[in-house]
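Trainee:
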Amino acid sequence: MTAPLGKDLLALEPLTPEQIRLILDTAEPFKEISERAIKKVPTLRGSTIVNLFFEASTRTRISFEFAEKRLSADTVNVGASGSSVTKGETLVDTARNLEAMRIDMVVIRHSASGAAQFLAERIESNVINAGDGTHEHPTQGLLDLLTLRDHFGTLEGRRVCICGDVLHSRVARSNIWGLKKLGAQVGVCGPRSLLPNAVSELGVEVFDRIEAAIEWAEALNVLRLQLERMQGGYIPSLREYNRVFGVTRERLERAPRDILILHPGPMNRGVEIDSDVADGPHSVILEQVTNGVAVRMAVLYLLAGGPPELAEAAKGGSDR
Amino acid sequence: MARDREGGTREQGTGKRNDPTRVVLRGGRVVDPSQRLDATGDLVLSDGKVENFWRAGDTTYGDDYRVVDCDGLVVSPGFIDVHCHLREPGREDVETIATGARAAAVGGFTAVCAMPNTQPVTDNQAAVGFVLRQGQTANAARVHPIGAISLGQEGKALAEFGEMVGAGAVAVSDDGRPVASAHLMRTALEYARTFGIPVADHCEEPTLAAGGAMNEGIVSARLGLKGIPSEAEEIMVIRDILLARRTGGHVHLCHMSTKGSVELIRWGKERGIRVTAEACPHHLSLTEDVVNGYNTNALCATGPSISSRRTTRRTTTMRRSGSSRTRLTGSSAWRRRWPS
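Protein sequences appear in the order of chains A and B. Taken in order, the first sequence gives residues 32 to 351; the numbers are from this note's numbering. Taken in order, the second sequence gives residues -9 to 330; the numbers are from this note's numbering.
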């Protein structure tokens, strides 16, 4: 049967709301597997998955690897250093060589926007985008949606503000599309030098002041401020960024309601987010990480052609 | 291009047979904007020059006419491409002067100007002479070399315009790179006056354009590609126009792509400033939408920008209103390269 998502998961922008809901609904039964003593089901037994990570990653790479292993797939990790990429091999040649060894899926993280799509158009295997340049990071977007849905029940009409370096953030783009498709209102807040010039055409509310964003929002997704942005001249200093845009306890205490705090990690404590907030009662940052494994299991399962209605049953066939 | 219906290829005129002195291009659609002419008819050539044009009719021609049937074909003056990259010397694996000149001839171009961003850079009389000779050897479209503005196109020291013009250069340009220094641009415009040549600039403010891949706008925001704002072009356009006003030099603005540039050029022309410009077919016919889906062919087809819908429409207006005096193909061979 054809997979309900198609061959690949490259971005959230082209997905329908039904496809996004399908992934989130499929993730629900997979959550429980990670809570077991023996965290393994045979669903993808015999499948071979290559994790091609051309950019540094801890959370996403390990999360994918756990998701694959808990579904009993055989996995191989390839990084840029120590592979033939350092000898000048092209991305497509690397992938075609891997494919010649009969693999089923490729999970790719790459510094160039469009790299995942480029690969997907040129190989037969399923391709999952684990972050391409400043374009999208769809599984991060999905796990953020799942975490918000866990708390809000539905995203319809909810107000979520994405704070920080939207210009360079693939997490921001995936969040904007995903949230809008599920009916949420989306805001963005940050210095204008870190927002796309055409940001309002993305169909989001734009806040110049973090105080206004906090007054409006029911949840904040606080983006990591990459240190190289300061060297690139986009902002004068991390210190001033924290003073003007930092999500601090003082600012949240003035909010008219409790605000859910998300962060895709890794955090710069004391820059975009204060420790009081990151470790505070409304932080769901670690829940995001937990949900990441379930969401990725759902994506792997669906792309492999697993029928959605059998996800519940699939976990039943555990090795327990 | 005319061709014989019967013979397939045109006779080369070397045969002894009769050697009619006049040629008739019969029944083609004759287009010549300079004569405000677009009509079907017979064009009579004598000694390689146009002698007469007869509107469609039943004119008959004697034995001293060689008649070429052009029914269904367009007959036009030879096109001139003022902005080509023939890649020789240095990248003969991509294009040579001979292949470029032949491609031009096939496309209806009788003359092309070769940009100097070769390897090594065409920045001295010997290099200019080489391009000229290779063009003559190719024996296709005429090849007119353009010399560099600065040595090595490094934007620092002026190249020897006088010697390059003596060797056959028709203009100077650092195309491929903008002239970042306003002082160098000013000096080039002044110095070029002695030799009566234009200074052609690749208008792209380097700090605004750095790292950019496409027009800045909603498409670049969605795709996560670094955009180049239209101001990167327009800032250089107005700078060059103002420097042309100051110096009395002739500035030629390469591959214009934005609405603002057209307005600035019009502003300059209205004041009698010596400014000319060119536009590329893909800037007139394509919009930034072609980059959707990471169409890498669209990305590498243009350095500066394939602009938004509105901008493209405006550049089309420029073509119609004659703000731009020259046109080009922006023909440049690119090697297909996959990202690694």
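For each residue, glycine too, the CB sits at the ideal point set by N, CA and C. In this text the structure is predicted, and so the values were computed from the model without any measurement.
Return the Cβ separation of A/R92 and A/N108 in integer angstroms, given the expectation that the two are a contact with Cβ distance under 8 Å.
Mentor: Residue 92 of chain A sits at position 61 when you count from the first residue of the first sequence. Residue 108 of chain A sits at position 77 when you count from the first residue of the first sequence. Contact holds; Cβ gap of about 7 Å.
Trainee: Take A/T279 as the anchor and find which of A/M132, A/I292 and A/L258 has the nearest alpha-carbon.
Mentor: In the first sequence, the residue the question calls residue 279 of chain A occupies position 248. For the residues A/M132, A/I292 and A/L258, the minimum Cα distance to A/T279 belongs to A/I292.
Trainee: List, in chain order, every chain A residue whose beta-carbon is nearer than 8 Å to that of B/L213.
Mentor: In the second sequence, counting from the first residue as 1, residue 213 of chain B sits at position 223. In chain order: S144, G145 and H166.
Trainee: Would you say A/F149 faces chain B, with C-beta separation under 8 Å as the test?
Mentor: By one-based count along the first sequence, residue 149 of chain A stands at place 118. With 8 Å as the cut-off, A/F149 counts as an interface residue toward chain B.
Trainee: Cutting at 6 Å between CB atoms, please list the residues of its own chain near B/L33, excluding the five before and the five after it.
Mentor: Residue mapping note: residue 33 of chain B aligns to position 43 of the second sequence, counting from 1. So the list reads L15, V20, F43 and V65, once near-sequence residues are dropped.
Trainee: Using a Cβ-Cβ distance under 8 Å, would A/I51 count as near chain B?
Mentor: By 1-based counting over the first sequence, the position of residue 51 of chain A is 20. No, its Cβ sits nowhere closer than 8 Å to a Cβ of chain B.
Trainee: Measure from the alpha carbon of A/D305 to the alpha carbon of each residue in A/A248, A/I290, A/G277 and A/D196, then state which is nearest.
Mentor: Along the first sequence, one-based indexing puts residue 305 of chain A at 274. Out of A/A248, A/I290, A/G277 and A/D196, A/G277 has the C-alpha closest to the C-alpha of A/D305.
Trainee: Is it true that the CB of A/S142 sits closer than 8 Å to the CB of A/T352?
Mentor: What is shown of chain A runs 32 to 351, which leaves residue 352 of chain A out entirely.
Trainee: Which runs of the beta strand (DSSP E), 3 residues or longer, sit entirely within the region 234 to 276 of chain B?
Mentor: You should have 241 to 243 and 265 to 267.
Trainee: Let me confirm a value: B/P110 is counted as buried when at least 16 other C-beta atoms fall within 10 Å, else exposed. Which label applies?
Mentor: Residue numbering aside, residue 110 of chain B sits at position 120 when the second sequence is read from its first letter. B/P110 is exposed by the Cβ-count criterion.
Trainee: Counting pairs of beta carbons, one from the region 223 to 233 of chain A and one from the region 191 to 204 of chain A, are three or more of them closer than 8 Å?
Mentor: Short answer: they touch.
Trainee: When DSSP labels each residue in this structure, what does A/K100 get in the three-state scheme?
Mentor: The sequence position of residue 100 of chain A within the first sequence is 69, counting from 1. The answer is helix: DSSP assigns A/K100 an H, G or I state.
Trainee: Drop a sphere of 10 angstroms on the beta-carbon of B/D165, count the other beta-carbons inside from all chains shown, and report buried for 16 or more, exposed for fewer.
Mentor: Position 175 of the second sequence, counted from the first residue, corresponds to residue 165 of chain B. By the 10 Å Cβ count, B/D165 comes out buried.
Trainee: Residues of chain B with CB closer than 7 Å to the CB of A/A229, please, in chain order.
Mentor: Stepping through the first sequence from its first residue, residue 229 of chain A is reached at position 198. Those are G207, I208 and A211, listed as they occur along chain B.
Trainee: Quick check on the DSSP output: the alpha helix (DSSP H) that includes A/Q216 runs from which residue to which?
Mentor: By one-based count along the first sequence, residue 216 of chain A stands at place 185. Looking at the DSSP string, A/Q216 is not in any alpha helix (DSSP H); the run it does join, the beta strand (DSSP E), is Q216 to C220.
Trainee: I believe A/S103 touches A/P60 by the beta-carbon criterion, under 8 Å. Please report the beta-carbon distance rounded to the nearest angstrom.
Mentor: Your numbering for residue 103 of chain A matches position 72 in the first sequence. Your numbering for residue 60 of chain A matches position 29 in the first sequence. Between A/P60 and A/S103 the Cβ distance is about 16 Å, and since that is not below 8 Å, they are no contact.
Trainee: At which residues does the beta strand (DSSP E) containing B/V72 begin and terminate?
Mentor: The sequence position of residue 72 of chain B within the second sequence is 82, counting from 1. Counting along the chain, the beta strand (DSSP E) containing B/V72 begins and ends at F69 to C74.
Trainee: Less than 8 Å between the CB atoms is what I'm expecting for A/S144 and A/G162, so what's the real figure, rounded?
Mentor: The residue labelled residue 144 of chain A in the question sits at position 113 within the first sequence. The residue labelled residue 162 of chain A in the question sits at position 131 within the first sequence. That pair is no contact at about 10 Å.
Trainee: Check whether the region 257 to 270 of chain B touches the region 281 to 289 of chain B, counting contact only when three or more Cβ pairs, one atom from each stretch, lie closer than 8 Å.
Mentor: In short, these stretches do not touch, since the Cβ pair count stays below three.
Trainee: Between the Cα of B/L63 and those of B/T237, B/G202, B/G18 and B/G217, spot the shortest distance and give me the residue it belongs to.
Mentor: Walking along the second sequence from the start, residue 63 of chain B turns up at place 73. Nearest option by C-alpha distance: B/G18.
Trainee: Around the Cβ of B/H273, are there at least 16 other Cβ atoms within 10 angstroms (buried) or fewer (exposed)?
Mentor: Position 283 of the second sequence, counted from the first residue, corresponds to residue 273 of chain B. Its Cβ being crowded by 16 or more others within 10 Å, B/H273 is buried.
Trainee: Leaving out five residues on either side along the sequence, give the residues of the same chain with a beta carbon under 7 Å from the beta carbon of B/P294.
Mentor: Residue 294 of chain B sits at position 304 when you count from the first residue of the second sequence. Since pLDDT at B/P294 reaches only 41, below the 50 mark, its modelled position is unreliable, and the value read off the structure follows with that caveat. Counting only Cβ-Cβ distances below 7 Å, and skipping sequence neighbours, we find E194, I218, E223, H245 and S247.
Trainee: Verify the CB distance criterion: does A/R140 have a CB-CB separation below 8 Å to chain B?
Mentor: Looking up residue 140 of chain A in the first sequence gives position 109. Cβ-Cβ to chain B under 8 Å: no for A/R140.
Trainee: Against B/Y284, what residues of chain A qualify as contacts under a CB-to-CB distance less than 8 Å, listed in chain order?
Mentor: One-based indexing of the second sequence puts residue 284 of chain B at position 294. Per Cβ cutoff of 8 Å: S144, G145, Q148 and F149.
Trainee: What residues in its chain sit with their C-beta under 6 Å from that of A/I154, if we drop five residues either side in the sequence?
Mentor: Walking along the first sequence from the start, residue 154 of chain A turns up at place 123. A126 and E130, listed in sequence order.
Trainee: With a cut-off of 8 Å, do at least 3 Cβ pairs link the region 182 to 191 of chain B to the region 151 to 168 of chain B?
Mentor: Result yes; three or more Cβ-Cβ pairs closer than 8 Å.
Trainee: Identify the contact partners of A/L233 in chain B, using a Cβ-Cβ distance below 9 Å as the criterion.
Mentor: Translated into the one-based positions of the first sequence, residue 233 of chain A becomes position 202. Per Cβ cutoff of 9 Å: I208, A211 and R212.
Trainee: In three-state DSSP terms, what is A/M328?
Mentor: Your numbering for residue 328 of chain A matches position 297 in the first sequence. Reduced to three states, the DSSP call for A/M328 is helix.
Trainee: Suppose contacts are defined by Cβ-Cβ distances below 8 Å. Is A/S205 in contact with A/Q257 by that definition?
Mentor: As a first step, residue 205 of chain A is located in the first sequence; it is residue number 174 there, counting from the start. As a first step, residue 257 of chain A is located in the first sequence; it is residue number 226 there, counting from the start. Result no, Cβ atoms of A/S205 and A/Q257 do not sit closer than 8 Å.
Trainee: In or out: B/D230 buried (at least 16 other Cβ within 10 Å) or exposed?
Mentor: For the purposes of this step, residue 230 of chain B is identified with residue 240 of the second sequence, where counting begins at 1. Classification of B/D230: buried, given that the 10 Å Cβ count is 16 or more.
Trainee: Determine contact between the region 226 to 243 of chain B and the region 79 to 96 of chain B, defined as no fewer than three beta-carbon pairs at a distance below 8 Å.
Mentor: Because the criterion of three Cβ pairs below 8 Å is not met, the region 226 to 243 of chain B and the region 79 to 96 of chain B do not touch.
Trainee: Anything in the region 259 to 270 of chain A with a Cβ closer than 9 Å to a Cβ of chain B? List those residues in chain order, please.
Mentor: So the list is empty, because no residue satisfies the distance condition.
Trainee: Return the residues of the region 183 to 202 of chain A that lie within a Cβ-Cβ distance of less than 7 Å from chain B, sorted by chain order.
Mentor: Flagged, chain order: R201.
Trainee: Between A/R76 and chain B, is there a C-beta pair that is closer than 8 Å?
Mentor: Along the first sequence, read from residue 1 onward, the residue named residue 76 of chain A stands at position 45. Taking Cβ atoms only, chain B never reaches closer than 8 Å to A/R76, which makes this a no.
Trainee: Does any residue of chain B have a CB that is nearer than 8 Å to the CB of A/R300?
Mentor: Here residue 300 of chain A refers to the residue found at position 269 of the first sequence. False, the Cβ-Cβ gap to chain B never drops below 8 Å.
Trainee: By DSSP, does B/K39 sit in helix, in strand, or in coil?
Mentor: Start at 1 with the first residue of the second sequence, and residue 39 of chain B comes out as number 49. If DSSP states are grouped into helix, strand and coil, B/K39 belongs with the strands.
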